[in-house]
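To start, the structure itself, in structure tokens.
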Amino acid sequence: MYLDVLREAPLMPFSNFVSRGNIPDKVDIARPRSYIDREVYRLVQQTSRDRSSRLIPLLGSAGSGKTHAYHSFKDKERENEKKIEQSKEAKEIEVGFMPVDWTIVYVPSPPASIRVLLHVYTCIIEEMGAGLLDIVSEKLVKKWGGEKKGLFQKPKMDEVIQKGIREFPGVFADCVKALVTYQLDKNKKGLAERWLLGEDLEDDDLKELGINSVIEDDDVCLAIIKIITENLDKVLILYFDELESPYRMLGETAERKLLEILKRLYNEVKGLVIIIAVLKEIWPRIIEIADAPLRSRMEPEQELKPFSLNDLKIFFSKSMEAFWDDNNLNPPLYPLFPLNEKLIEMIYEKTKGNPRNSIKLCRRFIDKVVMEEMTVDQLLEVGVDIVATTRPKTEGEEEDIDFSKPREVIKKTIEDILAEEEYSIDVNPQSVAGATLKCINMVGSEKGKQFKTQMEFKFMLGKRSQTLAALIETEGKKWGLEIPSIKTFDRSAGVAGYYAAKRLKDAINEKV
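Everything in the sequence shown is counted per the numbering used here, starting at 277 for the first residue and increasing by one.
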């Protein structure tokens, strides 16, 4: 019965080889990471006391669990929230009783080399919700004397704004205006919210708010991040994943820009613990291009350890238990079914405890047993030669089967199986625009046409800078390319499409 369930399941166990920032992992083996957890919690405690920011590098080989570590911290955050609620209910407010409140925010590799701070700010808003603006704006307005003192007494908004600007002058001024307007002016709250969420506004809308800047500007974006973190009663952990990606996708200049952004966050923003997860093989080069002040302020780097044999056995049994539970079945008496202890040991020897490679081989071994291509005993006899699944037919190819013999199967070594890497494609406006330009250049090359292409083309609209996704030029003609930033068609898709078309129209009107 158990093999039948495995055979018919729409999603086999160990199907997800690669952790994703937006998809939680079901099973966590904390032991190899316990010393890192302790170090991060120590930094959170220190930051909670003195509000000084910390930066800690987290190193690991490919598949060692860098992204998974974020999910484990997220689980700990939820547990911590429950402890805080229980402490409040028990009225244990003495120092030492109340756990430190903190939130972790996943920051994937930025899709472009510009507007990196806007990318960080967007991640914070998406993780903590737009309700974050209510918490911060309400606290600030109350601090600046904006509370209602009676049924018919309304606070004077201009006075509240001026008090706010005295505390946060200069580049902070527009952020103060937007937060106060958001909290006190019902008629303009929607406009203020759109500005705070980074949406494009017409010049008339900005004039109505009394605001001259846009939040995508690095200085303005850093200002709003500073205001938020200084007025949150918790520590914010920023988990920067795949720090090596900007170099791979956009070159060394993009990587230097990201390191500069990290330095600005560390130096200028209070109450942060910044975790940077990076391939350990790439780390020496990153250290080399980082400047001396940034290197000196980093905490000692921490390295993710591989699974021990016992860790792998526990991980396998817990993963299978979760699978049986999802299918409303009591687990078999033998926790390593459909494999056995010797096979798990073989997997461990071949993968050296690397979590991703271990998951891959567990899946392949289970496939062989479930599809009856090999028995457990045959798998053990084969040793390093592992039978892979038969290559699927290509279209128009007739499969030749000799019914007098068992179907031929393709033998591959474990090393070959591990070489079959998983590829992930991040779909965002920048990657779509980049792929489009690449296709245009390829077709142009085939047709003998030369195209001059430029990603993130900037032009001025009055005093404001606007950016198109790309510009294509050939034979004296120009084409603009825009990709609407639509995350879901359930909300704001039309708005994103409208503003993308408007940017193209503005570029035409400005005769760029």
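C-beta: ideal position from N, C-alpha, C; glycine also.
Buried versus exposed, by CB contacts within 10 Å (16 or more), residue i
i              : result
tyrosine 774   : exposed
tyrosine 610   : exposed
cysteine 715   : exposed
isoleucine 565 : exposed
threonine 627  : buried
asparagine 543 : exposed
leucine 287    : exposed
asparagine 604 : exposed
asparagine 606 : exposed
aspartate 517  : buried
serine 521     : buried
methionine 596 : buried
arginine 330   : buried
glutamate 531  : buried
proline 386    : buried
asparagine 633 : buried
serine 310     : exposed
valine 452     : buried
lysine 753     : exposed
Anticipated Cβ contact below 8 Å, residue i with residue j, distance rounded
i              : j              : result
tryptophan 378 : isoleucine 513 : 6 Å
isoleucine 400 : leucine 473    : Not confirmed; about 11 Å, so no contact.
proline 375    : isoleucine 360 : 5 Å
glutamate 403  : valine 381     : 4 Å
proline 608    : tyrosine 278   : 6 Å
Residue(s) in a DSSP beta bridge with residue i
i             : result
arginine 740  : Leu737
tyrosine 382  : Tyr515
proline 333   : Ile552
threonine 729 : Ile748
arginine 296  : Ile299
leucine 757   : Ala746
glutamate 579 : Leu335
Alpha carbon of residue i to alpha carbon of residue j, nearest angstrom
i                 : j              : result
isoleucine 312    : isoleucine 487 : 44 Å
lysine 787        : glutamate 478  : 19 Å
glutamine 322     : isoleucine 501 : 20 Å
cysteine 497      : leucine 393    : 6 Å
glutamate 528     : glycine 339    : 24 Å
glycine 547       : histidine 395  : 19 Å
asparagine 785    : glycine 770    : 22 Å
threonine 666     : serine 291     : Confidence in threonine 666 is poor, its pLDDT being 32 and thus under 50, which makes the residue's placement unreliable; the coordinate value appears in the next sentence. Answer to the nearest angstrom: the Cα atoms are 18 Å apart.
leucine 637       : lysine 734     : 48 Å
aspartate 304     : threonine 457  : 44 Å
serine 413        : arginine 327   : 20 Å
methionine 731    : alanine 499    : 27 Å
leucine 258       : glutamate 579  : Examination of residue 258 is not possible in this model, given that the chain is present from 277 through 788 alone.
phenylalanine 592 : aspartate 301  : 14 Å
lysine 644        : valine 490     : 57 Å
arginine 296      : isoleucine 748 : 34 Å
Which of helix, strand or coil DSSP assigns to residue i
i              : result
isoleucine 558 : coil
valine 490     : coil
valine 303     : coil
glutamate 751  : coil
methionine 574 : coil
glutamine 438  : helix
arginine 327   : coil
methionine 277 : coil
glutamate 423  : coil
glutamate 625  : helix
glutamate 361  : helix
glutamate 528  : helix
glycine 770    : helix
arginine 632   : helix
serine 595     : helix
glutamate 674  : Residue confidence is low: glutamate 674 scores 39 on pLDDT, short of 50, so the model does not pin down where it sits. No coordinate-derived value is stated.
aspartate 587  : helix
alanine 468    : helix
methionine 433 : helix
arginine 314   : helix
arginine 309   : helix
isoleucine 784 : helix
lysine 546     : coil
tyrosine 346   : helix
glutamate 403  : helix
CB contact below 7 Å: residue i versus chain B
i          : result
lysine 556 : The structure shown contains no chain B; it holds only a single protein chain.
Cβ-heavy atom distance, residue i to the ligand ZN, below 6 Å
i              : result
isoleucine 360 : Annotation note on the ligand ZN: not contained in the displayed structure, which lists no ligands.
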